[in-house]
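First comes the structure, then the notes that go with it.
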Amino acid sequence: MIGVKILKKAIIYVHGKGGSALEAENFKKNCPGFDMIGIDYQEYLPWIVREKIQVKYDEIKFNYDQIDLVANSIGVYFSMLALQNSSINKALFISPILDMKKSIYDKLQLLGLTTADLENEGEIVVPGSENLSWKYLQFVEDNPINWQIPTEILYGQNDDHTSRETLDSFIQSHNAHVTIMKNGQHWFHTKEQVDFLNHWMESKIRE
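The sequence shown lines up with residues 1 to 207 when you count with UniProt numbering.
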């Protein structure tokens, strides 16, 4: 009798701002049968984080039969940037930043500024938020994303980082589905929110 091959599976986890690779440990229970591989970074410059993700993927891609992705917040943007041409089976996005160019343009608009102002200044200090950088914007514009990987999204109804308009636009133009938590926030941190996240992840990993 020929034995059934057991697939060797891994999940790459990319955290959001202020997070760490250790968060992957919290999700292990939701993903039985998968090795969880967290990617750590302290710099939030896309060209630096992209390389870190690509290097890790290249290190493990021949060791597994299946690689999935879980990414959180700005980690979603970095992951799409780095892995859009990779053999990822499925992606799970938590509170994703889906359109970095629009995020930057929206910040400029809120400040009453233009891209010309940003180009002239080079960098603009934004109290209580990330500084705006002309180099960063140029990188985003010069490195468009073509994301074709099947994707599941968890989105909080009261997310203040990604608008519903941006979410809906992404869903309509990609192979993606969304689960919306009523009264959920960008940061899933209360017990109710974390329980919802864990249940969502368990169910999507099993599918």
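Ideal placement from N, C-alpha and C gives every residue a C-beta, glycine not left out.
As the structure is a computational prediction, the values presented were derived from the model and not from experiment.
From the DSSP secondary-structure annotation, give me the bridge partner or partners of residue i.
i: S169; result: S169 is not bridged to any residue.
i: D68; result: I11
i: D35; result: A10
i: E123; result: S133
If residue i sits next to residue j, beta carbons under 8 Å apart, how far is it from one beta carbon to the other, in whole angstroms?
i: V126; j: K107; result: 7 Å
i: E202; j: N30; result: 5 Å
i: I6; j: I37; result: No, I6 and I37 are not in contact; Cβ-Cβ is about 18 Å, not under 8 Å.
Note down, in chain order, each residue of its chain lying with its Cβ closer than 8 Å to the Cβ of residue i, except the 5 sequence neighbours on either side.
i: N63; result: K8 and A10
i: E119; result: W134
What do you reckon, are the CB atoms on residue i and residue j nearer than 8 Å?
i: I60; j: I88; result: no
i: L98; j: V70; result: no
i: K52; j: Y41; result: yes
i: G184; j: Q157; result: yes
i: V140; j: M80; result: no
i: D159; j: S95; result: yes
Looking only at its chain, what residues have a beta carbon closer than 7 Å to the beta carbon of residue i, apart from the 5 residues adjacent to it on each side?
i: G16; result: N72, S73, I74 and G75
Tell me which residue opens and which closes the beta strand (DSSP E) that residue i is part of.
i: E152; result: T151 to G156
i: I94; result: A91 to I94
i: I180; result: A176 to M181
What is the residue span of the alpha helix (DSSP H) that residue i lies within?
i: F27; result: E23 to F27
In chain order, what residues of the same chain lie with their CB nearer than 6 Å to the CB of residue i, ignoring the 5 residues before and after it?
i: H189; result: none
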